Structure formats: structure tokens, C-alpha cells
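Chemist: Mapped onto the working numbering, the consecutive letters of the sequence shown carry residue numbers 8 to 619. We treat Cβ as the ideally placed atom computed from N, Cα and C, and that holds for glycine. It should be emphasised that the depicted structure is a prediction, and the values quoted were computed from it without experimental measurement.
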Amino acid sequence: MNVRSLSIGMLAAVMATAVGGAALAQDSVGAPPEQTHFKVSSYKPMSHDAATAKALERFNDDRYSMFIHWGIYAQAGGVIRGKRYYGASEWLMSNSKTPSAEYLELAKDFNPVDFDARAWMKTMKAAGFRYMVITAKHHDGFAMFKSAASPHNIVDGTRFGRDPLKELAEAAKAEGIGLGFYYSQYQDWTEPNGGGNTWEFDPKKADFEEYFNRKVVPQVTELLTNYGPVREIWFDTPGPMPAEYSRRLRDLVKKLQPGCLLNSRIGNDLGDYTSPSDSEIPPASLVQGGDWESVFTHNRSWGYSAFDNDFKSTNTLIRLLATSASRGGNFMLNMGPDGRGRFPDGAQKRLLAVGAWLKVNGDSIYGTTRSPLPQTPWGVATQKGSRLYLHVLDRPADGVVRAPGLTEPVTKVSLLAGGGALRFKQDAGGLSVTLPAGTAPSDDLVVVVETQTPVAARRDQGIVLSRAYGRQPLDVADATLSPGVKLDAIKTQLSVDDLRKFYTPVGLDDPSKSVSWTVQVEQAGDYHIDLEYSATKAQAGHEGTVEVGDQKRSFGVIETGAIERRKPTFLTFQPVGILHFDKPGRYQVSLRPQASGQELFALRTLYLTPAN
Ligand code: H79
8 MNVRSLSIGM LAAVMATAVG GAALAQDSVG APPEQTHFKV SSYKPMSHDA ATAKALERFN
68 DDRYSMFIHW GIYAQAGGVI RGKRYYGASE WLMSNSKTPS AEYLELAKDF NPVDFDARAW
128 MKTMKAAGFR YMVITAKHHD GFAMFKSAAS PHNIVDGTRF GRDPLKELAE AAKAEGIGLG
188 FYYSQYQDWT EPNGGGNTWE FDPKKADFEE YFNRKVVPQV TELLTNYGPV REIWFDTPGP
248 MPAEYSRRLR DLVKKLQPGC LLNSRIGNDL GDYTSPSDSE IPPASLVQGG DWESVFTHNR
308 SWGYSAFDND FKSTNTLIRL LATSASRGGN FMLNMGPDGR GRFPDGAQKR LLAVGAWLKV
368 NGDSIYGTTR SPLPQTPWGV ATQKGSRLYL HVLDRPADGV VRAPGLTEPV TKVSLLAGGG
428 ALRFKQDAGG LSVTLPAGTA PSDDLVVVVE TQTPVAARRD QGIVLSRAYG RQPLDVADAT
488 LSPGVKLDAI KTQLSVDDLR KFYTPVGLDD PSKSVSWTVQ VEQAGDYHID LEYSATKAQA
548 GHEGTVEVGD QKRSFGVIET GAIERRKPTF LTFQPVGILH FDKPGRYQVS LRPQASGQEL
608 FALRTLYLTP AN
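1. Nearest CA to the CA of residue 158: which residue from 226, 180, 40?
2. Under 7 Å Cβ to Cβ from residue 486, same chain only, skipping five residues before and after it: list those, please.
3. What separation, rounded to the nearest whole angstrom, lies between the Cα atoms of residue 173 and residue 530?
4. Quick check: does the Cβ of residue 197 come within less than 7 Å of any heavy atom belonging to the ligand H79?
5. With 16 as the cutoff for other CB atoms within 10 Å, does residue 82 come out buried or exposed?
6. What residue range does the alpha helix (DSSP H) around residue 225 cover?
7. Quick check: is any heavy atom of the ligand H79 less than 7 Å from the C-beta of residue 192?
8. Counting Cβ pairs closer than 8 Å, one from the region 74-92 and one from the region 49-57, do we hit at least three?
9. Using a threshold of 8 Å, state whether the C-beta atoms of residue 583 and residue 537 are closer than that.
10. Taking C-beta to C-beta, are residue 272 and residue 185 nearer than 8 Å?
11. Considering residue 127, what are the terminal residues of the alpha helix (DSSP H) in which it resides?
12. Which residue comes first and which comes last in the beta strand (DSSP E) that contains residue 77?
13. If contacts are defined as beta-carbon pairs under 8 Å, then residue 609 and residue 542 qualify, I think. What distance do you get, rounded to the angstrom?
14. Please state the DSSP three-state secondary structure of residue 184.
15. Is there contact here, the region 452-468 with the region 417-433, by at least three beta-carbon pairs under 8 Å?
16. Using a threshold of 8 Å, state whether the C-beta atoms of residue 617 and residue 532 are closer than that.
17. Note down the Cα distance separating residue 250 from residue 154, rounded to an integer number of angstroms.
18. According to the neighbour-count rule (16 or more other Cβ atoms, all chains shown, within 10 Å of its Cβ), is residue 127 buried or exposed?
19. So for residue 439, helix, strand or coil by DSSP?
20. Tell me the DSSP secondary structure of residue 559 in three-state form.
21. What runs of the beta strand (DSSP E), each 3 residues or longer, lie entirely inside the region 489-545?
22. So residue 458 is in the beta strand (DSSP E); what residue range does that whole segment cover?
23. Nearest CA to the CA of residue 678: which residue from 278, 350, 619, 513?
24. May I have the straight-line CA-CA distance separating residue 613 from residue 552, to the nearest angstrom?
25. In the DSSP assignment, find the unbroken alpha helix (DSSP H) run with residue 328 in it and report its ends.
26. Between 514, 232, 497, 161, which has its C-alpha nearest residue 267's C-alpha?
27. For residue 440 versus residue 471, is the C-beta distance shorter than 8 Å?
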């Protein structure tokens with residue numbers, strides 16, 4: 008993904024279609040096979056018991072963490088029976104429909120003699136990670152720790168014979184890095200009574216209760232008893248698991264370690280914080296102060312893949328981290344160590360480069376709260392008391408970074424990287440900061456704005472549009488929907504590493520209904536409109552309008568194809584016309600159907616681009 012050339016809004020678009028994974032299990036193993044529309048996750052604050060609330064405080068302070076997928080699939084590296092399986096290597100057994108006995112043969116060759124817990128922790132420390140979550144057991148059922156509940160574990164089932172979680176727990180403690188475990192509680196492909204293996208076992212004959220009691224409860228107990236304090240158990244793909252099991256798991260974890268956090272994929276709304284879909288940062292407008300943690304993988308696989316070196320650039324990683332922090336969430340970045348226990352070089356050097364950036368700019372990430380500002384074209388903001396951090400991810404053509412409406416008296420503006428005070432201007436319209444000429448290009452140039460009183464939230468004041476930038480996105484997820492229109496998440500998925508997700512309005516079927524955005528136009532002038540959407544054959548020919556005041560630009564819908572659960576969604580990018588803004592200020596941009604009766608189309612984004 009080449010993000011350097013993209014604006015932050017475009018990055019959001021890229022992220023939403025990004026490769027790398029899947030969603031809540033309901034979407035993959037529990038949902039009806041054809042379902043394409045899903046309920047939007049909640050990011051509202053919840054109430055918590057004291058131990059959980061305290062753990063969440065630290066969780067939010069940490070902001071950046073490392074996710075590690077490591078199992079016997081690392082030994083295969085995406086290849087089995089001489090055939091490559093592209094995408095998620097930890098899904099190798101499922102993708103190749105390999106029977107359990109044959110798959111478990113991998114354990115015989117698994118001997119990660121280069122595994123060095125201390126070295127891993129030193130790298131994590133230098134990379135700036137505050138805590139780590141490692142796969143204790145993935146869907147293949149093979150435990151990466153000593154377990155009395157199943158012989159399929161790294162100590163009893165490989166000639167390596169060591170317990171890496173034990174070594175990691177000790178090294179993590181020594182380096183001051185938090186420890187968390189991933190545990191696949193429902194899918195277990197090498198267990199006839201576990202979920203997910205349909206190529207070998209008959210799901211109708213599965214006795215989940217037996218599996219749960221014999222393996223899940225004892226193993227989760229081992230994880231919370233033998234490795235010291237555990238920051239979080241990261242459950243995944245609850246699938247159709249009844250609430251009773253999520254409840255029992257929750258009670259077990261909280262009984263053993265009251266401060267251990269649970270992600271929402273424990274299932275049945277019993278988590279302490281929300282896990283968005285794999286490879287998703289929730290849209291700014293959906294985030295309402297709740298606790299969440301995004302997970303992305305560095306390349307296109309979660310486990311090690313011998314032929315995948317498509318590592319996200321340092322710049323992309325910093326953008327993902329800053330964007331998550333600006334929306335009040337954590338960024339957990341995954342990497343798959345290989346069968347010898349090494350971090351792939353291509354990943355390691357980029358992790359360390361992010362670490363170098365954090366060494367200088369960490370104050371703008373750790374311990375920050377979400378941005379009080381609306382969407383701005385230069386990047387995102389984070390906040391810590393009376394310090395506001397402007398993350399300039401895309402430099403303005405005129406060298407001036409604007410925060411409209413920022414009226415709290417500013418006492419000082421400087422670069423976090425040092426170099427003295429910067430020139431700024433503040434008036435009733437807000438704050439303008441002139442970036443120093445000749446500053447070296449940076450992945451994220453952080454400007455610190457110090458104010459007399461903390462900058463108050465003004466997220467609803469409208470998306471900022473500037474002529475110093477090109478195409479600027481107005482996403483449906485950030486729109487105001489008229490009564491009768493609701494927001495859905497559309498998810499289609501071909502493979503674990505190919506989830507396409509976007510937010511769309513549903514109920515846009517009458518001229519009285521609309522989607523609208525408040526924009527703050529910085530300079531008068533013409534702006535070109537483009538629409539990004541998907542439309543079925545039946546929707547082709549529908550007409551709609553984009554309106555600002557009494558300017559109306561109409562468009563006709565073209566067919567892009569049906570949205571199908573197991574196919575990528577095709578979105579078209581359609582030019583509509585030009586809008587004129589007479590003077591700087593606040594405007595409403597609305598989109599509505601011209602006729603009633605049928606859903607107009609599946610809109611994702613309206614783009615405005617300065618035109619001459
Ligand atoms: O651990 C990583 C992934 O292996 C895991 N989540 C991250 C953190 C994950 N498990 N399941 N999924 C992601 C979703 C999988 C969806 C699919 Fe499929 C698997 C799509 C195609 C193959 C299930 C089976 C749905 C269709 C067939």
C-alpha cells in the first residue's frame with residue numbers, strides 16, 4: 008500500500024478495503040452465508056467494575072502494542088504438499104483442507120532454535136510497543152505453551168520442548184512490557200468437538216460442551232495461572248457460540264485475574280473493549296469515547312508466510328498509529344515470526360523505524376486522548392491536557408496548518424522534534440500555524456499547540472475543506488442521516504486476508520431522505536464532486552442530486568454489480584459536477600434520491616476536489 012501519495016481520508020478508504028483479515032466471527036463463521044449487511048459496532052463508553060476500569064486506564068495510556076501469530080503453521084510458512092496458499096498462513100490447514108493427523112505432522116519438524124525471548128522483548132522495547140499479545144492457541148488447536156489439557160502443545164509435542172510463553176513472560180517482566188494471550192475459543196480444527204473443521208468432522212455431531220470443558224476451560228486457567236499477570240485475553244471468532252459460554256469464560260478470567268481485559272470477540276457483547284474488524288480503524292464519527300483496539304498485520308498474513316514480503320511502510324504504520332490514537336483507540340500491529348523463531352527482516356527494520364519516530368514523538372501518542380477537532384485535510388490530532396498535538400501527515404501546499412474554530416488562547420506553538428517556537432496566528436476564525444520552511448520531510452511532523460485551557464471538543468463543526476489539498480473525502484460514516492436512513496456495514500470476504508468493508512446508508516429511497524455533511528470551506532471557489540458507490544442492475548438509471556443551498560447537481564446511477572458475500576465489491580468512482588462556494592464558511596452538502604420506491608445505491612464516499 009503506497010500511502011505517501013494519499014490523503015488521510017484516502018488512507019481511511021484504503022484501510023477499509025485493506026487486505027489482512029476478517030471481522031468478528033459472526034461475520035465469518037456464524038453469519039448466514041449470504042449476509043452482506045451488518046450492524047455497526049458500538050464504540051460508546053460502557054460501565055466497568057473497578058479492576059477493569061483501572062486496567063483500561065493503562066490500556067488507553069499504552070496506545071501501541073504488538074500482536075504475534077506464532078504456531079506450527081510458521082513451520083509451513085504458507086506451503087503444504089508443495090503448494091503455496093496465498094494470504095493468511097495460519098489458515099493453511101483450513102485452506103488446504105488438510106486432515107488433523109497430517110497437519111499435526113508439522114509439529115515434528117517445528118524446532119525454533121533461534122527463539123530468544125529476551126531478544127524479542129528488546130526489539131519490542133526499541134520499537135515502542137507497550138504490551139504484546141501472542142497466539143497461545145490459534146484455530147489449529149495447537150498450544151504454544153505447556154498444557155495438561157492436550158498433548159498438542161509445544162512442550163510435549165515438539166522436539167523443541169521449551170515453553171515460549173514462560174520465557175516471554177519472564178522477559179516481558181524484565182523489560183516492562185505487558186503480556187497478553189490470543190486464544191481461539193470456538194474454532195479448533197484438530198478437535199472433532201471444536202468449531203470450524205468441516206472438511207473432516209461433522210459439525211452436527213460436535214459436542215462443544217465436551218470440548219469446552221476438557222480443553223478451553225483448563226487451558227485458559229493454565230494461561231491465567233502459570234504466567235503471572237496477564238493484561239488481556241484476546242479471544243477470536245466466537246461464531247455461533249451461545250452466550251452461556253462467553254459468560255462462563257468471562258467469569259473464569261475475571262475470577263483468576265480481575266484486571267485481565269477481554270476483547271469483544273469473546274462474543275455475545277461480553278467484552279471489556281471493542282475489537283473492530285481485522286484491519287479496520289473505526290470511522291471518527293462512530294467513536295464516542297469507548298475503549299477499542301485496532302489490529303492490523305504487517306504484511307498480508309498474520310502467521311509467517313515464506314513468500315509474503317509485502318510489509319507496510321514505516322509511513323503507513325505511523326499513519327495507522329496516529330489515526331488510531333486520534334480516535335481514542337489502540338493500535339496493535341501483528342507480525343509472524345518464522346519457524347526458527349526469528350522476526351522477518353522486512354518487518355523488523357520497519358518496526359524499529361517506527362520506534363525511532365516514537366522516541367522523538369512518543370508524547371503525541373502515549374497517554375493521549377482523542378482529537379477534539381473535526382476532520383482536517385492535513386492529518387489528525389491527539390490531546391493531553393492543555394497540549395494539542397497536530398500530526399501533519401500531509402503537508403499543505405501553502406505551508407499553513409489550520410485548526411478552524413480553535414479559540415482557546417494559545418501560549419506557544421512548536422515542533423515536538425524541537426527547534427524553537429513556530430509562527431502562528433489566532434483570530435475568531437481559529438488558529439493558523441506556519442510550518443518552518445525547509446523542515447526535512449517526515450512521516451508525521453508533530454506540531455505541539457499549548458493553550459491556556461484545554462481545547463474543548465468541536466468535532467461537529469464540520470469537515471474542513473481546503474484548496475491547499477486535492478481530493479478530500481466526505482465518508483457516509485461521517486454524515487448526518489435524515490430520519491428513516493440508517494448506517495450499515497457492508498462486508499464481503501473472499502479469504503481471510505481479503506475483507507472489504509465499508510459503511511453505507513440504508514433507506515435512501517425517497518426525495519425526502521438524505522445524507523448530508525457539514526463542511527467548513529476555507530477558501531471560496533469551485534469544488535468538483537465525485538461519488539464512490541456500488542449499484543446493482545436494478546439500481547442502474549436511478550437518479551439523485553448533490554445539493555448545496557440552491558445549487559443542485561444531478562447524476563444517474565450506473566451498474567457496478569451485485570454485492571455478494573464471497574466476492575469483492577466493485578465500487579465505481581463517478582464524476583458528478585462542480586459546486587461553487589461563494590465565500591469561506593460553513594455549508595451543508597446533501598445527497599438525495601430524485602424518485603421514491605427503491606434504494607438509490609450503496610454509497611460510500613462523496614469526494615470534493617478543488618477545481619479551477
Ligand atoms: O488471527 C487472525 C485471523 O486468522 C483471524 N483473526 C485475525 C486476528 C480470523 N479468523 N477468522 N477470520 C479471521 C475470518 C475468516 C474468514 C474467512 Fe472464510 C475464512 C473467509 C474465507 C475463509 C469462513 C470460511 C468464511 C468463509 C470461509
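Modeler: Taking the structure as given:
1. Position 151 of the sequence shown, counted from the start, is the residue given in the question as residue 158. With distances taken between Cα atoms, residue 158 lies closest to 226.
2. Residue numbering aside, residue 486 sits at position 479 when the sequence shown is read from its first letter. Only 522, 523, 524 meet the Cβ criterion.
3. Taking the first residue of the sequence shown as position 1, residue 173 is located at position 166. Taking the first residue of the sequence shown as position 1, residue 530 is located at position 523. Roughly 59 Å separates the two Cα atoms.
4. Along the sequence shown, one-based indexing puts residue 197 at 190. Residue 197 Cβ: outside cutoff for every heavy atom of the ligand H79.
5. One-based indexing of the sequence shown puts residue 82 at position 75. Buried, since its Cβ has 16 or more Cβ neighbours within 10 Å.
6. Within the sequence shown, numbered from 1, the residue matching residue 225 stands at position 218. Its alpha helix (DSSP H) spans residues 224-232.
7. Within the sequence shown, residue 192 is the residue found at index 185, counting from 1. False, no ligand heavy atom lies under 7 Å from that Cβ.
8. no
9. In the sequence shown, residue 583 corresponds to position 576, counting from 1. In the sequence shown, residue 537 corresponds to position 530, counting from 1. Yes.
10. In the sequence shown, the residue the question calls residue 272 occupies position 265. In the sequence shown, the residue the question calls residue 185 occupies position 178. No, these two residues do not count as a Cβ contact at 8 Å.
11. Translated into positions along the sequence shown, residue 127 becomes position 120. Start and end: 124-134.
12. Locating residue 77 in the sequence shown gives position 70, counting from the first residue. Note, residue 77: premise wrong, no beta strand (DSSP E); not H, not E.
13. Residue 609 sits at position 602 when you count from the first residue of the sequence shown. Residue 542 sits at position 535 when you count from the first residue of the sequence shown. Yes, residue 609 and residue 542 are in contact; Cβ-Cβ is about 7 Å, under 8 Å.
14. Residue mapping note: residue 184 aligns to position 177 of the sequence shown, counting from 1. Correct three-state label for residue 184: coil.
15. yes
16. Numbered from its first residue, the sequence shown carries residue 617 at position 610. Numbered from its first residue, the sequence shown carries residue 532 at position 525. Yes.
17. The count along the sequence shown starts at 1 and reaches residue 250 at position 243. The count along the sequence shown starts at 1 and reaches residue 154 at position 147. Residue 250 and residue 154: Cα-Cα distance of roughly 26 Å.
18. Residue 127 sits at position 120 when you count from the first residue of the sequence shown. So residue 127 counts as buried.
19. Against the sequence shown, residue 439 aligns to sequence position 432. Residue 439 falls in the strand class under three-state DSSP.
20. Residue numbering aside, residue 559 sits at position 552 when the sequence shown is read from its first letter. In the structure shown, residue 559 sits in a strand (DSSP, three-state: E or B).
21. 493-500, 506-513, 522-528, 532-541
22. One-based indexing of the sequence shown puts residue 458 at position 451. That run of the beta strand (DSSP E) goes 452-458.
23. Limits of the chain in this structure are 8 at one end and 619 at the other, which puts residue 678 out of reach.
24. Residue numbering aside, residue 613 sits at position 606 when the sequence shown is read from its first letter. Residue numbering aside, residue 552 sits at position 545 when the sequence shown is read from its first letter. Each residue's Cα considered, the two are about 12 Å apart.
25. One-based indexing of the sequence shown puts residue 328 at position 321. 321-333 is the extent of the alpha helix (DSSP H) around residue 328.
26. Taking the sequence shown and counting its residues from 1, the one referred to as residue 267 is at position 260. The shortest Cα separation from residue 267 among 514, 232, 497, 161 belongs to 232.
27. The residue labelled residue 440 in the question sits at position 433 within the sequence shown. The residue labelled residue 471 in the question sits at position 464 within the sequence shown. Taking 8 Å as the Cβ cut-off, residue 440 and residue 471 do not qualify as a contacting pair.
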